[in-house]
Amino acid sequence: MANAVQKITLSPSRDIPFNKLVLAQTNVRRIKAGVSIEELAASIARRGLIQGIHVRPVLDADGAETGMFEIPAGGRRYRALEMLVKQKRFAKTASVPCVVGNPSAPILAEEISLAENVEHAPLHPLDQFRAFKDMLDKGMSEEEIAAAFFISTSLVKQRLKLTVVSPALLDIYADDGMTIAQLEAFSVSNDHARQEQVWEAIKNSWSKEPYQIRRVLTENTVRASDKRAVFIGLEHYEAAGGEVLRDLFQSDDGGWLQDVPLLERLVTEKLQMMADEIANEGWKWIEVAVSFPYGATNGLRELGSTPIDLASDEQATLDALRDEFDKLQAQYEEADELPDEVDQRFGEIETAIKSLEARPVRFDPAEIVRAGVFVSIDTDGALLVERGYVKPEDEAPLAPEGDNDSGIDGSGVSATGSNQRAVITIGGQPVGPDDDEEDGIKPLPDRLIMELTADRTLALRDKIANDPATAFLAVLHKFVRDAFSRYSAQGVAMEVFVRGTVFPVQFEGLRDTIYARSIQARHEAWEKRLPTDVADLWGALSALTGTEQTELFAHCASLGVNALYERADRYGNGAISTHGVQQRLADADRLARAVGLDMIAAGWRPTVGNYLGRVTKARILEAVREGAGERASQLIDHLKKGDMAKEAERLLADSGWLPEPLRLAAGDEDEALPEFLAGGDDVALVGQDEKQLDAAE
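Positions in the sequence shown are counted from 1; adding 5 to them yields my numbering.
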């Protein structure tokens, strides 16, 4: 017969007056640790006694209970209550909830005291964070939470900062899959998907230190200590809607600016505003950049200048400051350490003297009209203006003597009376006060046409690579032009010797277009199949099936496509003449028709970056009018150019609209100048005799 399971009996609980309790000598806690008695007393006063006290009856010599109870486990709670009694916040006779142990039990009082302290499990940081979050959601402030638990507000902020970490990563941390330091590092980003992506990439790697996690998560941001951020100021950036990521767990130099395009726009706007002010001084040109490369002034002549004299009151102030500096220096020359107030005064004097000695300078007015200025940002984030540089092409005879008695000082005051306004250049592109208000349809910029035709060239290559029959015909066409002298071999789009065309200009996203990725994938697939040794290449090609050979032929032929527009020398002194460019574009149209190229189907869409932000307002409105209708253009015709370009991108997204360089020409004639170039520098060649055009080549 099986023995019955022995049931345990818990010690009874009683409310015992405080003045009937005494500390037992068997309590194992001797050293103070953790929450202080004062903090525990405040906690009891706020929340009451959360945990009862374990006591045992005190027996007399005969083993009878004396009415007093000793405390083997709960001594800190007793001392906290004792403090409240002394503060008259708790009555001596007030009842205390207690668990009364059996004094005759075989379990020692020391064992009970030790078990209570050892078996206590500290709260997991994640549980603390979630509890803080619940309290915050229910109306408590961060300061109130900190005060309630006698901790710093910064610690509460740190725990609450973990709310930006992905729940998936919190679960991994809860399962001991990462350290608290690693979890804290993820809080520098608010992007859960990016956090998880980074963890997947590093979780099985040896390099997953917190600093490495922070570095990866902030690689596309800009530090607040960056000179661009210092130049515009965090307040201005945040007022414009920019977000700053902060690391509450370690020094972050002010955080990271997350919206880099916004930062760059604000920097450009402020630099241009400064340049506009300097333009009033009468300089010929002003170049603006965040920083200029080393040697930017090489080959330029630097103008001489004369510092403007101090006013009498300024000179008197400077003399007084120098005298005070000399006296203080003599007084404390033998001192091992300067008093704080003296050290501070030395700094104030040095700053004031430096400010007075940094005098604006005066330039010869005859030189100003041919010289220019570099405007950039210094390493400390301050505006850096370098005036007075003359380009070789702007050199002219020196002004007659006697004309240099007036000029312009470094503060921007002009004495020339010249109405000349500097040409301001930012990033190599000239800008002006009326740049956003350009009117009229002007020829597209050469650079923009080159970028657009680079797009078209890649798309055309992709189409030809998927149309072997046309690829064969195109190559045959080129072979015939090469073999028979009666045909000119210049100005063709199919460069059959397969020389990869370098795109001298292109927009940033060209390599990520659908057609660029398609070409790369196909090229890599063939590269894997072909032998590495050229001696084996003939045999390998012979072993291909007819279909495989034609596919490879089409791919190789497609790499020779050059449908680029480039600016030509009208007198035929360049690599290609104007007539040659016209023929190339006409030849490209012929190829495009043959393969049925549709740039919209190929994936091209008008965006601010690849077209709309690069043309005048009139061009933008014309595009919207053509692609989305007159009413749509009227909705945006009042906007500033930047906002207009963004709205136009949205309106034209699914319209199927293309700019002229990406459209098929109306016919096959290759003598006519493309419409989008009408009015440009090359217009003088239109209509010339064929022999004259050939001679120009």
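In this text, a Cβ means the ideal position worked out from N, Cα and C, and glycines have one as well.
Predicted, not measured: the structure shown is a model, and the values here were computed from it.
Query, Result
"As a quick exercise: from Lys359, Ala50 and Ser109, pick the residue whose alpha carbon is nearest that of Leu92.", "In the sequence as displayed, the identity of residue 92 is Gln instead of Leu. Nearest C-alpha to Gln92: Ala50."
"Between Ala530 and the ligand FMN, is there a pair consisting of the residue's CB and a ligand heavy atom that are separated by less than 7 Å?", "Looking for the ligand FMN in the displayed structure turns up nothing, as the structure carries no ligands at all."
"Go through its chain and collect everything with a Cβ distance to Met183's Cβ below 6 Å, but skip five positions before and after it.", "Ile177"
"Does the pairing of the segment 554–574 with the segment 458–478 give three or more beta-carbon distances under 8 Å?", "yes"
"Could you check what DSSP says for Ala420 in three-state terms: helix, strand or coil?", "The predicted position of Ala420 is uncertain, since its pLDDT is 45 and thus under 50; a value taken from the coordinates is nonetheless stated next. Ala420 falls in the coil class under three-state DSSP."
"Can you tell me where the alpha helix (DSSP H) with Ile185 in it begins and where it stops?", "Ile185 to Phe191"
"For the alpha helix (DSSP H) that contains Met649, what are its first and last residues?", "Lys646 to Leu657"
"Which residues mark the beginning and the end of the beta strand (DSSP E) in which His59 is found?", "Ile58 to Leu64"
"Exposed or buried, Pro664, counting other C-beta atoms within 10 Å across all chains shown (16 or more means buried)?", "buried"
"Hey, is the segment 307–314 in contact with the segment 329–348, meaning 3+ C-beta pairs nearer than 8 Å?", "no"
"Would you identify the three-state DSSP class for Pro473, choosing helix, strand or coil?", "helix"
"Could you check where the beta strand (DSSP E) with Phe379 kicks off and where it finishes?", "Ala376 to Ile382"
"To the nearest angstrom, report how far apart Pro215 and Phe155 are at their CA atoms.", "28 Å"
"What did DSSP end up calling Tyr394 once you bin it into helix, strand or coil?", "strand"
"Would you mind listing the beta strand (DSSP E) stretches within the segment 226–305 that are 3+ residues and don't spill past its ends, in chain order?", "290–293"
"Measure from the alpha carbon of Ala521 to the alpha carbon of each residue in Asp541, Phe512 and Leu463, then state which is nearest.", "Leu463"
"Under the rule that 16 or more other beta-carbon atoms within 10 Å means buried, what is Gln200, buried or exposed?", "buried"
"Do the segment 203–212 and the segment 229–244 meet, that is, are 3 or more Cβ pairs less than 8 Å apart?", "no"
"If distances are taken between C-alpha atoms only, which option among Gly514, Gln511 and Cys561 comes closest to Trp531?", "Cys561"
"Fully enclosed by the segment 89–160, which alpha helix (DSSP H) runs are 4 residues long or longer?", "114–123, 130–142 and 147–153"
"Go ahead and pull the three-state DSSP assignment for Arg19.", "strand"
"Could you compute how far the alpha carbon of Met499 sits from the alpha carbon of Ala606?", "22 Å"
"Just to check my reading of the structure: Val295 and Ser230 have Cβ atoms closer than 8 Å, yes? What is that Cβ distance to the nearest angstrom?", "Between Ser230 and Val295 the Cβ distance is about 15 Å, and since that is not below 8 Å, they are no contact."
"Short check: CB of Arg461 to CB of Met604, under 8 Å?", "yes"
"From Gly614, Arg636 and Glu627, pick the residue whose C-alpha is nearest to that of Gly647; which is it?", "Gly614"
"Along the chain, where does the beta strand (DSSP E) containing Gly72 start, and where does it finish?", "Glu70 to Ala78"
"Among all the DSSP beta bridges, which residues are the ones paired with Thr430?", "Glu292 and Pro435"
"Is the beta carbon of Arg94 less than 8 Å from the beta carbon of Leu45?", "no"
"Rounded to a whole number of angstroms, what is the C-alpha to C-alpha distance between Leu388 and Arg219?", "31 Å"
"Buried or exposed: which applies to Arg367, given that a residue is buried once 16 or more other Cβ atoms fall within 10 Å of its Cβ?", "buried"
"Counting pairs of Cβ atoms below 8 Å between the segment 610–628 and the segment 582–592, do you hit three or more?", "no"
"Answer with buried or exposed for Leu617, where buried requires no fewer than 16 other C-beta atoms within 10 angstroms of its C-beta.", "buried"
"Buried or exposed: which applies to Leu113, given that a residue is buried once 16 or more other Cβ atoms fall within 10 Å of its Cβ?", "exposed"
"I believe Pro611 touches Glu652 by the beta-carbon criterion, under 8 Å. Please report the beta-carbon distance rounded to the nearest angstrom.", "The pair is not a contact, with the Cβ atoms about 12 Å apart (cut-off 8 Å)."
"Anyone know if the C-beta pair for Leu131 and Leu175 falls short of 8 Å?", "yes"
"Provide the residue(s) that pair with Met499 in DSSP beta bridges, ordered along the chain.", "Val566"
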